[in-house]
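> UniProt numbering puts the first residue of the sequence shown at 1, with every later residue one more than the last.
Built from N, CA and C at the ideal position, the CB exists for glycine as well.
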Amino acid sequence: MSKIFLQCRECKKEYDPTFKYICDECFGPLDVHYNFPPITKDTFTNREQTYWRYFEMLPIIDKSNIVSINAGMTPLVRAEKLGKKIGLNNLYIKNDSVNPTFSFKDRPAGVAISKAKEFGLSSVGCASTGNLASATAAHAAKADFPCYIFAPSDIEHAKIAQALSYGANYIAVDGTYDDANRIAAQIGDSKGVGIVNINMRSYYVEGSKTLAYEVAEQLDWKVPDQLIVPTGSGAMLNAICKGFEELETVSLIDKVSKMHMNCAQPHGCAPIVNAFKNNSDDVIPVENPDTVAKSLAIGDPGDGRYVLKRLKQYNGIAQESNNKEILDAILLLARTEGIFTEPAGGVSVAVLKKMVEDGKIDKDETTVCYVTGNGLKATESIMEVLSRPQVMQADVAKISAVVK
Ligand SMILES: *Cc1c(COP(=O)(O)O)cnc(C)c1O
Ligand SMILES: [Zn+2]
1 MSKIFLQCRE
11 CKKEYDPTFK
21 YICDECFGPL
31 DVHYNFPPIT
41 KDTFTNREQT
51 YWRYFEMLPI
61 IDKSNIVSIN
71 AGMTPLVRAE
81 KLGKKIGLNN
91 LYIKNDSVNP
101 TFSFKDRPAG
111 VAISKAKEFG
121 LSSVGCASTG
131 NLASATAAHA
141 AKADFPCYIF
151 APSDIEHAKI
161 AQALSYGANY
171 IAVDGTYDDA
181 NRIAAQIGDS
191 KGVGIVNINM
201 RSYYVEGSKT
211 LAYEVAEQLD
221 WKVPDQLIVP
231 TGSGAMLNAI
241 CKGFEELETV
251 SLIDKVSKMH
261 MNCAQPHGCA
271 PIVNAFKNNS
281 DDVIPVENPD
291 TVAKSLAIGD
301 PGDGRYVLKR
311 LKQYNGIAQE
321 SNNKEILDAI
331 LLLARTEGIF
341 TEPAGGVSVA
351 VLKKMVEDGK
361 IDKDETTVCY
371 VTGNGLKATE
381 SIMEVLSRPQ
391 VMQADVAKIS
401 AVVK
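#1: Quick one: does the C-beta of G243 sit closer than 6 Å to a heavy atom of ligand 2?
#2: Regarding T231 and ligand 1, is the C-beta to nearest heavy atom distance less than 6 Å?
#3: Near ligand 2, which residues have their beta-carbon closer than 6 Å to a heavy atom?
#4: Are there three or more Cβ pairs, one per stretch, closer than 8 Å when the stretch 123–141 is compared with the stretch 356–367?
#5: If we ignore side chains and look at the alpha-carbon of each, how far apart do A161 and P100 end up?
#6: What number of angstroms, rounded off, separates the C-alpha of D189 from the C-alpha of K115?
#7: Please state whether DSSP places A293 in a helix, a strand or coil.
#8: Could you check whether the Cβ of S295 sits closer than 6 Å to any heavy atom belonging to ligand 1?
#9: Nearest by alpha-carbon distance to C11: which of P29, N90 and E118 is it?
#10: Does the distance from the CB of E245 to the CB of V111 come in under 7 Å?
#11: Report the residue from L386, V385 and V402 whose alpha carbon sits nearest the alpha carbon of M392.
#12: Run through DSSP, which three-state label would residue 407 get?
#13: When you compare each of T249, A172, D62 and D144 to H157 by their alpha carbons, which one comes out closest?
#14: I need the boundaries of the alpha helix (DSSP H) containing M236, first residue and last residue.
#15: Measuring alpha carbon to alpha carbon, tell me which residue in R78, K191, F5 and K324 is nearest M383.
#16: Kindly indicate which residue of S381, D364 and Q226 has the alpha-carbon position closest to the one of G346.
#17: To the nearest whole angstrom, what separates the beta carbons of I240 and S208, a pair I think is in contact under 8 Å?
#18: With respect to the alpha helix (DSSP H) encompassing P271, which residues constitute its N-terminal and C-terminal limits?
#19: Between A71 and F104, what straight-line distance do the alpha-carbon atoms span, to the nearest angstrom?
#20: Between the alpha carbons of M57 and P38, how many angstroms are there, rounded?
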């Protein structure tokens, strides 16, 4: 029996696991399904401290095709101080800002590029809001693949510098993320480039689901009551749900149906929140996203409709936070837990705080807030709410006056 097969999310038609991502019959997205071997808690003990510890549950057939830069197994931080500040007794931060390229995107990019190697492709690329560029470029460097990045031209400086440093060909598109995405899709198909989040998307999202595996393992194989996930395209939120469901399938956890999955978006690009609040199943694209959370500035979220389904399935909500709330939340997290996140992480912390204030989370519920990117990638916008230190003369007497 083969390890995996593809299945249409809509009409359920099955396919061999090839370089394919859309159903021939109904154009629905294809998901990877598994014929899991017997798995116990012991299967994963004493494994490497990366997400490749879950190899049996990832879509790579031959281990020699793994392209790893040692991402994953990031800390699940017991956030007592932040919890106390906002009124929660069992709060955890999944700190994915400390991955090798400093965002969670190392998970999906690593799996997609490993699969591109397994398929024998000769080049890879991505459409990016910033973080995926570096994750793809770093894994491509490790695998010796030429790499093409398609990104809107207005993303943060640090993210461009980082992707260029890994040696990627960087195409800065004068337009939105959706423009960059459309171009990447066409070039991927016409030139046979493995675009990790487009024509490799079925495999790509398999990396993100390890955000569920790790949290479950770090909680000693328990399912949290509440999860808050920062959402752009919605791929990660869906993948996290899939991850918990698969752990239930292999009997490592139970009661997945009891968890609450919540979606956090920035005001200025919150098409899923808008649909949720209007009780609509249709996500109306935001034409011109305008938010400090650039990594979430996806006006037309590919998995938006499926996120709404997940929120229904898992009794969750969608909520937004504005630029000021986002930046305040970045400082709150930094000053309570010593974790420095970029605005996307600020979005989830700001929404978490709002949910507690609105009575959506009980103070004793086990709550996991996903922090997915690093503050060092977005210092320009964070600096806007900080005051630049005054330069002082190198004189002990004068400086000692400011030390209380
Ligand atoms: C891409 C990204 C997200 C959103 O992920 P989606 O799968 O597009 O919803 C969240 N946080 C950070 C830091 C990101 O880079
Ligand atoms: Zn179909």
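So, from the data block:
#1: It does not: the Cβ of G243 is nowhere closer than 6 Å to a heavy atom of ligand 2.
#2: yes
#3: C8, E10, C11, K13, C23, E25, C26 and G28
#4: These segments do not touch.
#5: 15 Å
#6: 17 Å
#7: coil
#8: yes
#9: Sorting P29, N90 and E118 by C-alpha distance to the C-alpha of C11 places P29 at the top.
#10: no
#11: V402
#12: The requested residue 407 does not occur in the structure, where the chain is confined to residues 1 to 404.
#13: A172
#14: A235 to T249
#15: K324
#16: Per the Cα distances, S381.
#17: Indeed, because the Cβ distance is near 7 Å, the residues count as touching under 8 Å.
#18: P271 to K277
#19: Cα to Cα, A71 sits roughly 9 Å from F104.
#20: 11 Å
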